[in-house]
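K.L.:
The structure that follows is given in the form of structure tokens.
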Amino acid sequence: LGNLFLHEEAIAAYDAALAIQPDEHEALNNQGNALGNLGRHEEAIAAYDAALAIKPGDHRTWDNRGYSLAVAGHFDRAIKINPQHANAFYNKAYALSKKGDLETAFSFLQQAFEIDPKYREMAQTDADFDSIRDAPQFQALLASSEALENQG
30 LGNLFLHEEA IAAYDAALAI QPDEHEALNN QGNALGNLGR HEEAIAAYDA
80 ALAIKPGDHR TWDNRGYSLA VAGHFDRAIK INPQHANAFY NKAYALSKKG
130 DLETAFSFLQ QAFEIDPKYR EMAQTDADFD SIRDAPQFQA LLASSEALEN
180 QG
């Protein structure tokens with residue numbers, strides 16, 4: 030349902046699943062995603078917290094929680110748990126860019142590109158980076174990342 034952008038219906042389905050099995054970590058994480066997609070971030074954070082109470086080492090949930098909080102420190106936990114999780118680097122870059130720390134944001138974005146080149150492609154059109162896409166540093170990062178990928 031979430032993939033069909035039917036987020037309210039997805040939340041209801043997760044509620045039903047959690048009524049049957051309240052300790053289902055994935056249902057809580059996915060419910061948080063659906064809530065976040067609706068802009069209900071406080072509720073999303075509560076769902077992620079419940080999921081983390083069950084499985085505290087899940088880097089995906091920490092990453093999702095960090096995105097909802099838009100506070101870079103929470104991405105650090107996901108990165109520490111799995112330093113090859115490109116999405117956490119990518120989301121931390123976004124959070125840092127929103128806070129105006131572009132130099133550090135570009136550093137984390139570069140790391141995401143190095144771990145998984147698909148993030149370079151995503152960054153070119155992702156609305157999260159609209160405000161910095163025209164910055165010379167952003168364009169240089171895209172170009173250097175593409176050159177490295179073409180060499181490899």
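Residue numbers (the working numbering): 30 to 181. For glycine and all other residues, C-beta sits at the position ideal for the given N, C-alpha and C.
Per DSSP, what kind of secondary structure is R89 in: helix, strand or coil?
P.N.:
Note: R89 maps to helix in three-state DSSP.
K.L.:
Taking all protein chains shown into account, decide if T90 is buried (16 or more other Cβ within 10 angstroms of its Cβ) or exposed.
P.N.:
Counting Cβ neighbours within 10 Å, T90 comes out buried, since at least 16 surround it.
K.L.:
Is the beta carbon of Y148 less than 7 angstroms from the beta carbon of N120?
P.N.:
No. Outside cutoff.
K.L.:
Closer than 8 angstroms is the cut-off here; do at least three beta carbon pairs connect the stretch 68-75 with the stretch 45-53?
P.N.:
Because the criterion of three Cβ pairs below 8 angstroms is not met, the stretch 68-75 and the stretch 45-53 do not touch.
K.L.:
Indicate the three-state DSSP secondary structure (helix, strand or coil) for K121 in the structure shown.
P.N.:
In this structure, K121 counts as helix in the three-state DSSP scheme.
K.L.:
For A117 versus I108, is the C-beta spacing smaller than 7 angstroms?
P.N.:
Yes, Cβ-Cβ distance for A117 and I108 is below 7 angstroms.
K.L.:
Assuming L171 is part of the alpha helix (DSSP H), what are its boundary residues?
P.N.:
From DSSP, the alpha helix (DSSP H) with L171 extends over P165 to Q180.
K.L.:
Given A45, which residues of its chain have a CB within under 8 angstroms of its CB, disregarding the five upstream and five downstream residues?
P.N.:
Nothing listed; no residue qualifies.
K.L.:
Please tell me whether F59 and Y77 are closer than 7 angstroms, where the distance is taken between their beta carbons.
P.N.:
Note on residue identity: the sequence assigns Asn, not Phe, to residue 59. No; because the gap between Cβ atoms is not below 7 angstroms, this pair is not in contact.
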